[in-house]
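These notes are about the structure you will find just below.
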Amino acid sequence: MSRIALVRKPGPRLNEGLVDHIERVPVDLPLALEQWQGYVDALHAAGWQTREVAPADDCPDAVFVEDSVVMFRNVAVSTHPGAPSRRGEIAATRSAAEELGCSLNRITAPGTLDGGDVLKVGDTVYVGQGGRTSPAGIAQLRAILSPLGATVVAVPVTRVLHLKTAVTALPDGTVIGFPDFVDDPALFERFLPVPEEHGTAVLCLSDSHLLMSASAPRTAELIGSLGYQVTTVAISEFEKLEGCVTCLSVRLRCLS
Numbered sequence: 062m063s064r065i066a067l068v069r070k071p072g073p074r075l076n077e078g079l080v081d082h083i084e085r086v087p088v089d090l091p092l093a094l095e096q097w098q099g100y101v102d103a104l105h106a107a108g109w110q111t112r113e114v115a116p117a118d119d120c121p122d123a124v125f126v127e128d129s130v131v132m133f134r135n136v137a138v139s140t141h142p143g144a145p146s147r148r149g150e151i152a153a154t155r156s157a158a159e160e161l162g163c164s165l166n167r168i169t170a171p172g173t174l175d176g177g178d179v180l181k182v183g184d185t186v187y188v189g190q191g192g193r194t195s196p197a198g199i200a201q202l203r204a205i206l207s208p209l210g211a212t213v214v215a216v217p218v219t220r221v222l223h224l225k226t227a228v229t230a231l232p233d234g235t236v237i238g239f240p241d242f243v244d245d246p247a248l249f250e251r252f253l254p255v256p257e258e259h260g261t262a263v264l265c266l267s268d269s270h271l272l273m274s275a276s277a278p279r280t281a282e283l284i285g286s287l288g289y290q291v292t293t294v295a296i297s298e299f300e301k302l303e304g305c306v307t308c309l310s311v312r313l314r315c316l317s
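Heads up, the sequence shown is in the numbering used here, so the first residue is 62 and it goes up one at a time.
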């Protein structure tokens, strides 16, 4: 398995990033740059290589690189973000995936899809249908991934920005989430509630090692009690923009 993560450094307009479901709070850009480097350092410490995607400094949200491309095995699907201001983020991420030898596909208008709405649990791909991702975008993703053996399942997202703001998954397939954020926990075969809103996101560094936000210490303790090694990183400046540990990178695990 490959361990390559695409990342993109915060741009100078980060403080102008979109905020839909929480109160806007000013972002400290120097601190954000420091936290981003800490996140990258944590990936490196866990044995991941990073590839920095070319800047998109006119796009305030470009640091949330996960929204611009969906990976399934070695297939890269360029998204068509629901927010028009984010569509300038796509080209550089697509170029980075192409340089790594990925097979390329794309979501096209009128469909919209953000990568933060896509949660992979084995060969099941849950896609949040809400403010940023449309039924047409989900249908296009299903048409691309179904021939590859994926089952694409649409789930409602009405309480938060993206599906992965509400839920992510542990390596054993258990879906974790903050109950107030989840429209219907019964849609997931196994659901584990977590006690903190910033504890919804885990990034799987390996089958036994997870990366989480330092803003959710009780959740980190809970996950650790299940036998996982947990590394925490400070990402408070990105959480002000509804970001989390998953959306700051795109993990490529299946490159030859």
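All residues carry an ideal CB built from backbone N, CA and C; glycine is no exception.
Computed from a prediction, not measured in an experiment: that's the story for all the values here.
TODO: Report buried or exposed for ALA93, applying the criterion of at least 16 other Cβ atoms within 10 angstroms of its Cβ.
DONE: Flag for ALA93 reads buried.
Open item on the list: Excluding the 5 residues flanking GLU257 on each side, which residues of the same chain have their C-beta closer than 6 Å to its C-beta?
Closed with: Correct list, in chain order: ALA277, ARG279, THR280.
Open item on the list: Could you compute how far the alpha carbon of SER297 sits from the alpha carbon of ALA103?
Closed with: Roughly 16 Å separates the two Cα atoms.
Open item on the list: Less than 6 Å between C-beta atoms, sequence neighbours within five positions excluded: which residues of the same chain meet that for ALA262?
Closed with: Within its own chain, the residues whose Cβ lies closer than 6 Å to the Cβ of ALA262, once the five positions on either side in sequence are excluded, are THR229, CYS305, VAL306, THR307, listed in chain order.
Open item on the list: Quick check: what's the CA-CA separation for GLY189 versus ALA227?
Closed with: If I take the Cα positions, the gap works out to 10 Å.
Task: Whole-angstrom C-beta distance between LEU264 and VAL291, which should lie under 8 Å - done: About 11 Å separates the two Cβ atoms, so there is no contact after all.
TODO: Determine the DSSP secondary structure at THR173, reduced to helix, strand or coil.
DONE: Three-state result, THR173: coil.
Task: For ILE65: DSSP bridge partner residues - done: Partner residues in the beta bridge of ILE65, as assigned by DSSP, are GLN110, LEU313.
TODO: Can you give me the start and stop residues for the alpha helix (DSSP H) that LYS225 sits inside?
DONE: That run of the alpha helix (DSSP H) goes 224-227.
TODO: Under 8 Å by Cβ, that's how I've got PRO142 and ARG74 pegged, so tell me the actual separation to the nearest angstrom.
DONE: Here PRO142 is actually not in contact with ARG74; their C-beta atoms are around 16 Å apart, not less than 8 Å.
Open item on the list: Any contact between the segment 127-137 and the segment 162-180? By contact I mean 3 or more CB pairs, one from each, below 8 Å.
Closed with: Counting C-beta pairs with one atom in each stretch, the segment 127-137 and the segment 162-180 have three or more that are closer than 8 Å, which means they touch.
- [ ] Measure from the alpha carbon of GLY176 to the alpha carbon of each residue in ARG148, ALA107, ASP233, then state which is nearest.
- [x] Considering only alpha carbons, the answer is ARG148.
Open item on the list: Using the three-state DSSP reduction, which class does GLY238 fall into: helix, strand or coil?
Closed with: Under the three-state reduction of DSSP output, GLY238 falls in the strand class.
Task: Sub-9 Å separation of VAL114 and ARG64 beta-carbons - done: For VAL114 and ARG64, no; Cβs fall outside 9 Å.
Task: Straight-line Cα distance separating LEU174 from GLU282 - done: Our two residues, GLU282 and LEU174, have alpha carbons roughly 33 Å apart in a direct line.
TODO: To the nearest angstrom, report how far apart PRO208 and ASP184 are at their CA atoms.
DONE: Approximately 12 Å between the Cα atoms of the pair.
Open item on the list: In the DSSP assignment, the alpha helix (DSSP H) including SER297 goes from what residue to what residue?
Closed with: Taken as a continuous stretch (DSSP letters only), the alpha helix (DSSP H) holding SER297 covers 297-300.
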